[in-house]
Amino acid sequence: MPVEVLKCVNCLNMAGVEEGEIPREFIEFDFAEDALDFETQLAEARDIKFTQNLIEPLSIGSLIVCTGTPSDDLPWFAVNIGCGNLETTRGDVAVHFNVRLPQCYVVRNTRRHDKWGPEETTAYKLFPFKINRPFTIEVLVDEKETLWAVDGEHYCSFAHRNPSPLAAGWVQVAGVRDAALKIHKTDIYPTLAPPLLDVPFRTSLSEPAKEEPVWRPNVIATLTNGIPEGHQVVIVGRLRPLLHSLSIDLMDFGREWPRANILLHANVRAHVESQLARQLVVLNAWLGAWGPERRQRTAKLVPGTEVSIFSICCLSS
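Right, dumping it as structure tokens:
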């Protein structure tokens, strides 16, 4: 099975944050002075709702596309997928995707019997929303999770809970004045993804690339000729200041969904026993399901520093 695609996620800021710039997910905000005004804005945002009842249930491959523009007077908006009668009860929410612009993060959650579950906030990308900038959110329903993309780039996933979005009866957008919804089936996600970049070929590490791509964080790139015998893949970038984990996948197709086969999965888990001098590295492969893991504590990475990762060396064709 040929190696055609390289995927690097959650690890290297390959596009680069400007020197001196603090990523938004690491900025803390103090809203004490504006607490009353903020609560008023939240109340108004909750009152601005657009609900679309589902003609048929969501299923694997269902795609919800939501467009809109955040405004100064509505710093909070949400996309909800739920079930139950909204006219008589609050209904259950299978997925609550809550964008909080002042804090620059997105909360995902589920509400059942009027009780919220544990929040999830981690994401594959920096916060992508801005006031007065139009957005397109794509929500892909899979067997075990929903996948969320913003402006053509995968942002996060959310595992199905109880209730499941597969039993949903409506989709709602709250807090966006010009919201629009479309729901249809798809065979690829995200549908608005930009063209894949090609990994440049060099005869040596010191040789400059003829056309160096503009790399983005969490990138999927193609290996047009695979990995020739005697060559290696080298990934260079700057580690995020709060390193949690990083992974490098060699795949047979360049896509987020349907899931490609992962011929080699190298996952550095810096949060596991982080007090040790070296980080845990987990090696595995996905061929319809994960195989047995190989674990070794061999990575020595310093958050916030430049790093070169020699991913793989091909010794035979």
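Position in the sequence shown counted from 1, then plus 1057, gives you our numbering.
We put the beta carbon where it would ideally sit given N, CA and C, even for glycine.
As the structure is a prediction and not an experimental result, all values here were calculated from the model.
CB-CB length for residue 1278 against residue 1254, believed under 8 Å: Confirmed, about 5 Å.
In chain order, which continuous runs of the beta strand (DSSP E) of length 3 or greater are located wholly inside the region 1234-1316? Listed in chain order, they are 1237-1242, 1276-1279, 1289-1295, 1302-1308.
Original post:
From the DSSP output, which residues share a beta bridge with residue 1165?
Top reply: Looking at the DSSP assignment, residue 1165 forms a beta bridge with 1154, 1177.
Handout entry: Buried or exposed (CB count within 10 angstroms, at least 16 for buried), residue 1355
Key = Classification for residue 1355: exposed.
**Message:** According to DSSP, is residue 1223 part of a helix, a strand, or is it coil?
**Reply:** The answer is helix: DSSP assigns residue 1223 an H, G or I state.
Point to revise | Closest Cα partner of residue 1282 within the set 1303, 1263, 1309 | key: Of 1303, 1263, 1309, the smallest CA-CA separation from residue 1282 is found for 1309.
- Query: Roughly how many angstroms lie between the CA atoms of residue 1324 and residue 1342, to the nearest whole one?
  - Reply: Taking the Cα positions, residue 1324 is about 11 Å away from residue 1342.
*Can you list, in chain order, the residues of its chain whose CB lies under 6 Å from that of residue 1137, leaving out five sequence neighbours each side?*
Close CB contacts of residue 1137 within its chain, under the 6 Å cut and outside five residues either way in sequence, are with 1150, 1153, 1229 (chain order).
#### Entry: Beta-carbon gap between residue 1247 and residue 1210 smaller than 8 Å
Cβ atoms of residue 1247 and residue 1210: closer than 8 Å.
Self-check item: Where residue 1149 falls: helix, strand or coil (DSSP)
Solution: If DSSP states are grouped into helix, strand and coil, residue 1149 belongs with the strands.
- Message: Once the 5 residues before and after residue 1334 are set aside, which same chain residues still bring their CB inside 8 Å of it?
- Response: Contacts found: 1357.
Exercise. Just reading off the beta strand (DSSP E) that residue 1138 is part of, what are its end residues?
Worked result: For residue 1138, the uninterrupted beta strand (DSSP E) run begins and ends at 1133-1140, by DSSP.
**Request:** Inspect the beta-carbon positions of residue 1163 and residue 1176 and report whether they are closer than 8 Å.
**Result:** No. Outside cutoff.
Euclidean distance between Cα positions of residue 1122 and residue 1208: So the alpha carbons of these two residues sit roughly 10 Å apart.
- Touch test, the region 1108-1118 against the region 1196-1203, Cβ-Cβ under 8 Å, three pairs minimum: Touching, yes, given that three or more Cβ pairs across the two stretches are closer than 8 Å.
Worksheet item: Using the C-alpha atoms, what's the distance from residue 1300 back to residue 1077?
Response: Since pLDDT at residue 1077 reaches only 35, below the 50 mark, its modelled position is unreliable, and the value read off the structure follows with that caveat. If I take the Cα positions, the gap works out to 18 Å.
Worksheet entry | Distance, residue 1295 Cα to residue 1302 Cα | Whole-angstrom Cα-Cα distance: 13 Å.
Practice task
Might you give, ordered along the chain, the residues of its own chain that have their beta carbon closer than 6 Å to the beta carbon of residue 1298, omitting 5 neighbours on each side?
Solution key: Correct list, in chain order: 1360, 1361.
State buried or exposed for residue 1244, treating a residue as buried only when at least 16 other CB atoms are found within 10 Å of its CB. Residue 1244 is exposed by the Cβ-count criterion.
* **Burial state of residue 1388 (16 or more Cβ within 10 Å)** => Nothing can be reported for residue 1388, as the shown portion of the chain is limited to 1058 through 1374.
Notebook entry, point to check: Leaving out the 5 sequence neighbours to the left and right, which residues in its chain are closer than 6 Å to residue 1180 when beta-carbon positions are compared?
Noted result: Annotation for residue 1180: 1212, 1213 place their beta carbon closer than 6 Å to its own, counting only its chain and skipping 5 residues before and after.
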